[in-house]
Amino acid sequence: SQTIHQWPATLVQPVGSPLSLECTVEGTSNPNLYWYRQAAGRGLQLLFYSVGIGQISSEVPQNLSASRPQDRQFILSSKKLLLSDSGFYLCAWSTGEAFFGQGTRLTVV
Amino acid sequence: QQPVQSPQAVILREGEDAVINCSSSKALYSVHWYRQKHGEAPVFLMILLKGGEQKGHEKISASFNEKKQQSSLYLTASQLSYSGTYFCAYREVTSGTYKYIFGTGTRLKVLA
């Protein structure tokens with residue numbers, strides 16, 4: 026069966042520090058991968074999606090970037106975090122319906 | 004572009020029923036429903052693929068009116084475990100793939 030791993034579960038980072046969140050999928054090949062962000066009490070905002078290695082589409086121009094170095098690996102990065110980057114970051118994979126990882130709660134202080 | 008859900012929030016007593024509506028300004032070819040418990044990731048509930056289709060999942064069912072670009076989620080005889088935020092979503096085809104656009108969300112609280 027397919028599983029999706031996302032880490033870390035929680036992260037507290039100072040403003041201006043870099044960020045790297047990793048997501049890996051097991052049990053499937055060539056999945057569509059997605060990064061979403063959810064502000065406290067709000068909905069799900071699509072940040073990036075990827076259909077294959079090295080192929081990244083950005084939905085919202087901002088302080089973040091994404092990369093897909095391997096088929097089942099999706100990384101969300103930032104060179105310098107802003108306070109507004111705080112939120113709940115969710116990785117998802119899909120071959121039909123979207124299934125989410127457990128999320129990373131990022132607090133920028 | 005984001006589907007609008009109503010109501011924004013609802014409080015129920017155990018055993019009561021609720022309806023959550025999802026309305027889109029774009030043509031819908033399918034509707035997905037998710038439930039997110041506090042502090043957790045959204046969990047897929049069901050997908051409706053055809054206009055007029057109805058599906059059920061335990062005591063949770065949904066309908067999809069393709070012509071009206073609307074879907075409704077029905078929670079019957081609610082249980083404490085139904086508490087959470089419900090999202091509808093649609094799949095948008097783009098550049099040879101698809102992305103999921105989620106609705107505004109409905110917070111549901113079931114009280115004992």
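For the record, the sequence lines run as chains A and B.
Here this note's numbering is used: the first residue of the first sequence is 26, the next is one more, and so on.
Here this note's numbering is used: the first residue of the second sequence is 4, the next is one more, and so on.
We put the beta carbon where it would ideally sit given N, CA and C, even for glycine.
Just so it is clear, the structure is predicted and the values come from calculations on it, not from any experiment.
Ser-27/B sits away from Gln-82/B, with the two beta carbons spaced by 8 Å or more.
With a threshold of 16 other beta carbon atoms within 10 Å, Ala-30/B falls short and is exposed. Cβ proximity to chain A below 7 Å picks out His-35, Ala-44, Pro-45, Phe-47, Ile-50 from the segment 30-51 of chain B. Within chain B, the C-beta atoms nearer than 7 Å to that of Glu-122/A come from His-35, Phe-47, Ile-50, in chain order. Residue environment for Asp-110/A: buried (at least 16 other C-beta atoms within 10 angstroms of its C-beta). Cβ-Cβ distances below 7 Å link Gly-79/A to Arg-93 in the same chain, with the five nearest sequence neighbours on each side left out; the list follows chain order. Restricting attention to Tyr-74/A, Ala-64/A, Leu-131/A, Phe-113/A, the CA atom closest to the CA of Thr-100/B is found in Tyr-74/A. Residue nearest to Gln-11/B within the set Gly-87/B, Tyr-93/B, Glu-95/B is Gly-87/B (criterion: CA-CA distance).
Straight through space, the alpha carbons of Pro-45/B and Tyr-59/A are spaced by roughly 14 Å. Taking all protein chains shown into account, Val-34/B has 16 or more neighbouring C-beta atoms within 10 Å of its C-beta and is therefore buried. Against chain B, the beta carbon of Asn-55/A has no neighbour under 8 Å; the closest one sits roughly 11 Å away. Per the coordinates, the alpha-carbon of Glu-47/A lies some 6 Å from the alpha-carbon of Phe-99/A. Trp-118/A sits close to Pro-56/A, with the two beta carbons spaced by under 8 Å. Under a 10 Å Cβ-count criterion, Thr-97/B is classified as exposed, with fewer than 16 other Cβ atoms of the shown protein chains found around its own Cβ. Proximity of chain A to Gly-108/B at the Cβ level (cut-off 7 Å) is accounted for by Gly-68, in chain order.
Taking CB atoms only, Gln-27/A has no neighbour in chain B less than 8 Å away. In chain order, Ser-26, Gln-27, Thr-28 place their CB closer than 7 Å to the CB of Gly-52/A, counting only its own chain and leaving out the 5 sequence neighbours on each side. For Glu-51/A, the enclosing beta strand (DSSP E) has its first and last residue at 44-51. Contacts between Leu-115/A and chain B, judged by CB atoms closer than 7 Å, involve Ala-44 in chain order. Residue state for Leu-108/A is assigned as helix, using DSSP reduced to three classes.
Only buried fits Thr-109/B, as 16 or more other CB atoms lie within 10 angstroms of its CB. No residue range can be given for Tyr-32/B, since it is assigned to no beta strand (DSSP E) and is classified by DSSP as neither H nor E.
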